[in-house]
Structures are given as C-alpha cells and as structure tokens.
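Each protein sequence line maps, in turn, to chains A and B. Each residue of the first sequence is one higher than the one before, counting from 1 in the working numbering. Each residue of the second sequence is one higher than the one before, counting from 458 in the working numbering. We put the beta carbon where it would ideally sit given N, CA and C, even for glycine.
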Amino acid sequence: MAEIRLQQIDACRYRIPRDEAAGMRTDVVVYASAALIEQIRKDQSLVQAMNVATLPGIVGSSLAMPDIHQGYGFPIGGVAGIDIECGVVSPGGVGFDINCGVRLVRTTLTEADVRPRLKELIDQVFRDVPCGAGSEGRVRIKRGELDDVLLSGARWMVENGYGDLRDAELAEAGGALQGAQPSKVSDRAKERGLPQLGTLGSGNHFLEVQFVEEVHDDAAARAMGIYEGQVVVLIHSGSRGLGHQVCTDYVALMNQVMPRYKITLPDRQLACAPARSEEGQAYLGAMAAAANFAWANRQGIMHFLRGAFRRVFGESARLDVVYDVCHNIAKLESYQAGGRKREVLVHRKGATRAFPPGHREVPLAYRQIGQPVFIPGSMGTASWVLAGRQGAMNETFGSVCHGAGRLMSRTAVRRGKDVRQEQRKLEARGILVRSESRDGILEELPEAYKNVDEVIE
Amino acid sequence: MSFDLLEHPADIGFRARGTTLEELFANSAHALVSIILDPFDIRPIQLISVPGTGADRESLLINWLNEVLYHVDGRRMALGTFNVVSVDETSVECVAGGEPRDRDRHPSRMGVKAVTYHQLKVARTADGWVAEVYLDI
Numbered sequence: 001m002a003e004i005r006l007q008q009i010d011a012c013r014y015r016i017p018r019d020e021a022a023g024m025r026t027d028v029v030v031y032a033s034a035a036l037i038e039q040i041r042k043d044q045s046l047v048q049a050m051n052v053a054t055l056p057g058i059v060g061s062s063l064a065m066p067d068i069h070q071g072y073g074f075p076i077g078g079v080a081g082i083d084i085e086c087g088v089v090s091p092g093g094v095g096f097d098i099n100c101g102v103r104l105v106r107t108t109l110t111e112a113d114v115r116p117r118l119k120e121l122i123d124q125v126f127r128d129v130p131c132g133a134g135s136e137g138r139v140r141i142k143r144g145e146l147d148d149v150l151l152s153g154a155r156w157m158v159e160n161g162y163g164d165l166r167d168a169e170l171a172e173a174g175g176a177l178q179g180a181q182p183s184k185v186s187d188r189a190k191e192r193g194l195p196q197l198g199t200l201g202s203g204n205h206f207l208e209v210q211f212v213e214e215v216h217d218d219a220a221a222r223a224m225g226i227y228e229g230q231v232v233v234l235i236h237s238g239s240r241g242l243g244h245q246v247c248t249d250y251v252a253l254m255n256q257v258m259p260r261y262k263i264t265l266p267d268r269q270l271a272c273a274p275a276r277s278e279e280g281q282a283y284l285g286a287m288a289a290a291a292n293f294a295w296a297n298r299q300g301i302m303h304f305l306r307g308a309f310r311r312v313f314g315e316s317a318r319l320d321v322v323y324d325v326c327h328n329i330a331k332l333e334s335y336q337a338g339g340r341k342r343e344v345l346v347h348r349k350g351a352t353r354a355f356p357p358g359h360r361e362v363p364l365a366y367r368q369i370g371q372p373v374f375i376p377g378s379m380g381t382a383s384w385v386l387a388g389r390q391g392a393m394n395e396t397f398g399s400v401c402h403g404a405g406r407l408m409s410r411t412a413v414r415r416g417k418d419v420r421q422e423q424r425k426l427e428a429r430g431i432l433v434r435s436e437s438r439d440g441i442l443e444e445l446p447e448a449y450k451n452v453d454e455v456i457e
Numbered sequence: 458m459s460f461d462l463l464e465h466p467a468d469i470g471f472r473a474r475g476t477t478l479e480e481l482f483a484n485s486a487h488a489l490v491s492i493i494l495d496p497f498d499i500r501p502i503q504l505i506s507v508p509g510t511g512a513d514r515e516s517l518l519i520n521w522l523n524e525v526l527y528h529v530d531g532r533r534m535a536l537g538t539f540n541v542v543s544v545d546e547t548s549v550e551c552v553a554g555g556e557p558r559d560r561d562r563h564p565s566r567m568g569v570k571a572v573t574y575h576q577l578k579v580a581r582t583a584d585g586w587v588a589e590v591y592l593d594i
C-alpha cells in the first residue's frame, strides 16, 4: 500500500481524509506529535484506524489516541462512537480483554516507610496476589454464584468478604455495568473464567508499588487523597479467560451473521452486527457481564494486596481506592453531534474515559475536579494521574490514551537479553521486579514502550 | 512439526506448514500449544475429540484453533498429539491426545487470550499448505 496521506491539522492532530480508501465513511483523526506520528507510521495501526472508519453508523471521526499501536481489528488506542439506532456493535472494538482496566490504590505509608522494606513487601505481594499465565485464584466461589458476580461486579466481592463497601463505589459505573446478561455468556466462558477470579494474569498486566513523585495540581491531588512522597499501588488487569472467551464467541457469531445484515468489512476481526439486532444486544449483555467480572477481579486483587501490606506493615497500613477505570469497553453515552443529541455506543479499545468536572457519571468526590484518569508508563518510567476536561467531551467522546503504547514486539525486545542482567539494571535504579515468567520480564522492559511523558504531552 | 514464530508489535504469531491440510491444521495446533506451554513432556494419556466448523477455510482454522485454546486454557489440558482425521472446506475432525496440565512438567510460557483473524493467511504452496496466524497475548 502507498504511504498513507496524513494532513496535519495542528501541532497535535493529524487527519486521514475519508477518500483515502474505499469504504471509509468518515475521516481518521490521530492525536499525536510529529515525533510520535513517525513511530505510529511504522506499524499497521493507521490502516486499522481507517478500517474502523468503514463501520456502519460511525459518528464523527475514527479517532486514534497518542499511544495508538497495532492491535486486532481496531488499533489499540482507537475510539469510535457509533449511533446506537442505525449503527453496529463490534466485539473487536472492545477487544478480547473486556474491561481491561486500571485501579489506583492509595496507602497511608510514605516512601520513607516502604523503601527500607521494599524487597520484603514485593516478595509478600508476589506470594499473596496470584499472577502469571493460567494462574488460579483464591476466591472461594461456587459455579452457581458466578452469575451474581456477573450481575453485581465488585459489589459481590465486598459483600462476600473481599474488601470494604467503599471500594466498589469509586469505580467507573460504580463497579457494575447495567444491562449485564449472564445467560448470554457461554458455559465455556464461565468455565474458563471461574478459577481465575482474583488473579492478575500475564502479558502486560501488572501490579506496581509506586510513590508520588510530583504533584502538579494541588486541588485535584487533595480530592484524590494524594500527596508527594505517598506510596500508591497501580493494578492493571481485566476479565481474564471469561472475557477472552466472550469476545471469541461473539466474533465468531458476528462473522456468521454479517452477510444476513449485508455488512462487508475490510478486516474480519472487526466483525459486527447492528447494535439493536438480537446478536448485537446479546453481545452487549455478555460484554457487560464480562466487564463486571473484571471489576470483581480487580477487587479480589486489591483484597489480597491489602493482606500483603498488613502482613508487612501491620494493621495500621490502610489502603483505599482512588478510582478504577476501564480502557476496553463499549458504553452507551449521550453527545451533541451534528447539531443534535445522539445516543452513541462509544467503543474504547485501549482508551480511557475522561469525563469533565460536573458530569453526573463522575462520583461526587471528584465532581469538582473531573474524573480521575490513570496512564501507566513502563517499568522504567513514571505513571500519570490526570483528571478529565471538557475538551475531550467535544473532540473524542470523552476519551484519552491508556498507556505509553508499545514500540517493539515481544520477540524483538527479548533478543540477546539476559533476564538477570536486566533485573540488576532495574534494581540499580531502585526498581524491583517479580514475575512468574522470565520472558515476561524481558518482554515488558522499558525500551519496548514509547516515552509516556511524550504521549501525555 | 513445521512452524516458525512471527513478530507483531504487541503480540505474537506463527507460520505453519503442511503437505496436506490435515498436517497444516495439526502443525498450527502444535504451534499454538508451544506458545502457551513447554510441550516437551506431554503424555497422551487422554484422548479427546476436537471438532471444528467454519464458513470457509480461514474461519474454520480460526474457530478450530480457538477450540484447541479452550481445551488448553479453559479445561487445563496439555495437548501433545493432534490426529487430524479430515479437513474439508467447512469442517474438521480431530482426536487430540494429552493430559491435565502440570506446572512442573509443562511450565507456562505465555497467556494466549485468543486466536485472531489479524493478517490471517491460509494458502497453497508448491509443497502443500502454509498458514499465518496471530494470537492476542
């Protein structure tokens, strides 16, 4: 394919016009600096954003966040708002890890408290929080109770002894998306997910003990209970095998029914059905159930994390949720578009919702400052805590990026590297790493990622 | 077993070959299993039927590999043999052999979320068949 035509709109935005490829119903808008755009051009992500522009019912532009990189069907860092009445829902636009997301936990400890006992703490967390490919959880749950988890998400966990009641309140959608239909989740998906409740998983999922290095906005930090020197923990995980199987099941179903709806697409991984169709509604019910499983999962991880902190620092070590956001989801939201209010199914694939101050879906604790947004960096760089602003509502369906964005493949970053040597390099910088898998450490080394500071700016 | 690993910016894929479609499917399954776990000490003490259907050859391969993935990730089976009895345009019959996964004898390598259609290729070659498949990690 010839080089894609990119028109620079301003210092941070580029456009691919809709006439760039057959079938595009709208433009692509990429949010990136000149330096980032050169990196973005190196993989297939722009072609994928153009493919997203072919989805029936797309409203506004096919949007690409600054951390965009090549994914499956949708690019990772892709956002598409689709009219619920005349448009489609695409399971690939949510991804295999439904409600993969990030929870920030603040502690009552400071760096000075933790640094001298960091190794002891990290080893305790590694023992207490199940992680790694195929790891099994310690949540006591029977098969018959799983549907309750799929309906009530994080709340089921706290009601069954895995957390404090307040934990569940400070999450996007209150930790449970409405409209979940456990009956639309296959037995296979339930079988795959049940033993994994309360486990971190593998790949780029992580739990990171961090400290607050710098506060840029005192009022926002105060509202979030954050201060310089404080120790916080970032948890990144999703719906585990349950969500993966839901997506697999519905991509297969959508591929089957697309001819009946006369939909043709350039990539079968984008398979979709009208959002109001029987198949579209079934997917949305199953997706909400899987999203609720993910919130329950992160709640379980937090419960085991609390136990690890208490074992090392005693009962006075208190851990509270700052907020919990998802970055792989489709949500029904209202926007002004084309001079009228429209109900839009916003697909966020590797993108974070960032609602502004005053929005009714932002919890009261944050309504003055805007919804908290967490952008994890790599193992070697900082992470960012931000707050939503009105600009995102006007331009990106209230969405921003979700991380640094990958730059190198897993195999390329591993090549010629020795895990012990890499661990020693990180330890020399005060960064201790534990993983079930040797390759897992190498694949997630800092050089595999873009510079998070550049992505944020 | 004839396959190589392929690079992807975020994930991983494989290229499998076979002189027949049956061999192509079996080698694709071996590639998938070897990405998930260390396959060198799998005893085929349990035999299970792993069938698949699809609208065409591409969707057949993806649906069937997702079926294999379900047994390995969902049913926690280490599968080491794939006797692919028949493959036509829309269905595959296979009997796989293996045993329950054992952390020590089949150490986990990568968690595979799904087998995808991304840049999928199933094609005839001078020697038989080749497939390129990407996995979500």
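Assuming residue i is part of the alpha helix (DSSP H), what are its boundary residues?
i                : result
LEU305 (chain A) : 278–313
ASN394 (chain A) : 390–395
MET157 (chain A) : 154–159
LYS190 (chain A) : 187–193
ARG410 (chain A) : 410–414
VAL490 (chain B) : 478–493
TYR72 (chain A)  : Unbroken run through TYR72 (chain A): none, as it is neither H nor E.
PHE126 (chain A) : 118–128
LYS425 (chain A) : 419–428
Please list the partners that residue i has in chain B, where partner means a Cβ-to-Cβ separation under 8 Å.
i                : result
GLN181 (chain A) : Correct list: empty, because the minimum Cβ distance to chain B is about 21 Å.
ARG188 (chain A) : TYR527 and GLY531
Pull the bridge partners of residue i from the DSSP assignment, please.
i                : result
VAL110 (chain A) : Position check: residue 110 (chain A) holds Thr in this sequence, whereas Val was assumed. A:GLN230.
LEU458 (chain A) : The structure shown does not extend to residue 458 (chain A), since chain A is modelled only from 1 to 457, so the question has no answer here.
PRO459 (chain A) : There is simply no residue 459 (chain A) to check, as chain A begins at 1 and stops at 457 in what is shown.
GLU333 (chain A) : A:VAL344
GLU550 (chain B) : B:SER543
ASN328 (chain A) : A:LYS349
GLY101 (chain A) : A:SER237 and A:CYS326
THR538 (chain B) : B:GLY554
GLU464 (chain B) : B:ILE469
PRO274 (chain A) : A:VAL88
Applying a beta-carbon distance threshold of less than 9 Å, which residues of chain A neighbour residue i?
i                : result
SER516 (chain B) : ALA252, ASN255, GLN256 and ARG268
LEU462 (chain B) : THR411
ALA483 (chain B) : Simply none; closest approach about 21 Å.
List the residues of chain B that residue i touches, going by C-beta distances under 7 Å, in chain order.
i                : result
ASP27 (chain A)  : Result: empty, since nearest Cβ-Cβ is about 24 Å, beyond 7 Å.
GLY241 (chain A) : ASP530 and GLY531
Given residue i, which residues of its chain have a CB within under 8 Å of its CB, disregarding the five upstream and five downstream residues?
i                : result
GLU213 (chain A) : GLU228 and ALA382
GLU4 (chain A)   : It should be noted that the sequence gives Ile, not Glu, for residue 4 (chain A). Excluding sequence neighbours, ILE4 (chain A) sits near ILE16, GLU20, ARG41, LEU46, VAL47 and MET50.
VAL344 (chain A) : VAL59, GLY81, ILE82, ASP83, ILE84, LEU332, GLU333, SER334, TYR335, ALA337 and PHE397
ASP461 (chain B) : PHE471 and ARG472
THR248 (chain A) : PHE96
CYS131 (chain A) : THR199, LEU200, GLY201, SER202, HIS205, LEU207, SER435 and GLU436
At 7 Å on the CB atoms, spell out the chain A contacts of residue i, in chain order.
i                : result
PRO466 (chain B) : ASP43, HIS69, GLN70, ARG406 and SER409
ASN520 (chain B) : ALA252
Please compile the residues from chain B whose C-beta is within a distance smaller than 9 Å of the C-beta of residue i.
i                : result
SER202 (chain A) : SER565, MET567, GLY568 and ILE594
Would residue i count as contacting chain A if we go by Cβ distances under 8 Å?
i                : result
ALA571 (chain B) : yes
ILE505 (chain B) : no
ILE499 (chain B) : no
GLY475 (chain B) : no
GLY555 (chain B) : no
GLY531 (chain B) : yes
List, in chain order, every chain A residue whose beta-carbon is nearer than 8 Å to that of residue i.
i                : result
ASN523 (chain B) : THR248 and ALA252
GLY509 (chain B) : Near GLY509 (chain B) there are no residues of chain A at all, since even the closest Cβ is about 11 Å away, more than 8 Å.
ILE469 (chain B) : SER409, ARG410 and THR411
ALA512 (chain B) : ASN255 and GLN256
Can you find the residues in the same chain that come closer than 7 Å, C-beta to C-beta, to residue i, ignoring five residues on each side of it along the sequence?
i                : result
ARG155 (chain A) : ALA168, GLY175 and ALA176
LEU432 (chain A) : LEU118, LYS119 and ILE122
GLN368 (chain A) : ALA223 and PRO357
Any beta carbon from chain B within less than 8 Å of residue i's own beta carbon?
i                : result
ALA296 (chain A) : no
HIS244 (chain A) : yes
ARG260 (chain A) : no
GLY307 (chain A) : no
SER437 (chain A) : yes
GLU447 (chain A) : no
ASP97 (chain A)  : yes
GLU191 (chain A) : yes
Apart from the five residues on each side of it in sequence, which residues of its chain come closer than 6 Å, Cβ to Cβ, to residue i?
i                : result
VAL215 (chain A) : ALA221 and GLU228
CYS86 (chain A)  : GLY57
Could you spell out where the beta strand (DSSP E) holding residue i opens and where it closes?
i                : result
MET50 (chain A)  : Note, MET50 (chain A): premise wrong, no beta strand (DSSP E); alpha helix (DSSP H) at 45–52.
TYR14 (chain A)  : 13–16
ALA588 (chain B) : 586–593
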